[in-house]
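Participant:
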Amino acid sequence: CDFSDEDVVLALQSFRKALSKDGRVIILDAVLPNGEDLNGKWNAAVSFDVLLMLTGRRAERSRLEWSNLSENAGFVLEDVLSTSSVTVDLAVLSQS
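Per our numbering, the very first residue in the sequence shown carries number 3; after that it's consecutive.
Written as structure tokens, this is what we have:
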């Protein structure tokens, strides 16, 4: 992720003001599984996240982290849809 938590919340709050009541935000980003969801299994997205951390770049966010950021901006994380890319998921946010 290239943006701080604070910047993400500010952006989402701005989107919320511009959306209709039934509007949604779709975020294209790697959404990591929560730690307990891995059950000791290898995950390509998590491995990529480790590489990002080793190179000094910010890490990717987990489903729980996206859920918390969404709630802070007045949204609900409705769903996370996987794509064929290891580093791109679709996080669907709806207004709470």
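Built from N, CA and C at the ideal position, the CB exists for glycine as well.
#1: Please name the residue or residues paired with L21 in a DSSP beta bridge.
#2: With 16 as the cutoff for other CB atoms within 10 Å, does S98 come out buried or exposed?
#3: Measuring straight from C-alpha to C-alpha, what distance separates G76 and Q15?
#4: Is it right to say E8 is buried, meaning 16 or more other beta carbons lie within 10 angstroms of its own, or is it exposed?
#5: How long is the line joining the alpha carbons of N74 and T89, rounded to whole angstroms?
#6: If you check the beta carbons only, do V33 and F17 fall under 9 Å apart?
#7: Which one of S72, A93 and L71 has the shortest CA to CA distance from S81?
Facilitator: With the given structure in hand:
#1: Along the sequence shown, one-based indexing puts residue 21 at 19. Answer by DSSP bridge pairing: none, since L21 is not bridged.
#2: Along the sequence shown, one-based indexing puts residue 98 at 96. The residue in question, S98, is exposed, as its Cβ has fewer than 16 Cβ neighbours within 10 Å.
#3: Stepping through the sequence shown from its first residue, residue 76 is reached at position 74. Stepping through the sequence shown from its first residue, residue 15 is reached at position 13. Approximately 7 Å, taken between the alpha carbons.
#4: For the purposes of this step, residue 8 is identified with residue 6 of the sequence shown, where counting begins at 1. Exposed, since its Cβ has fewer than 16 Cβ neighbours within 10 Å.
#5: For the purposes of this step, residue 74 is identified with residue 72 of the sequence shown, where counting begins at 1. For the purposes of this step, residue 89 is identified with residue 87 of the sequence shown, where counting begins at 1. N74 and T89: Cα-Cα distance of roughly 24 Å.
#6: Working through the sequence shown from its first residue, we reach residue 33 at position 31. Working through the sequence shown from its first residue, we reach residue 17 at position 15. Against a cut-off of 9 Å, the Cβ pair of F17 and V33 comes out as no contact.
#7: By one-based count along the sequence shown, residue 81 stands at place 79. According to the sequence displayed, residue 81 carries Asp and not Ser. The shortest C-alpha separation from D81 is found at A93.
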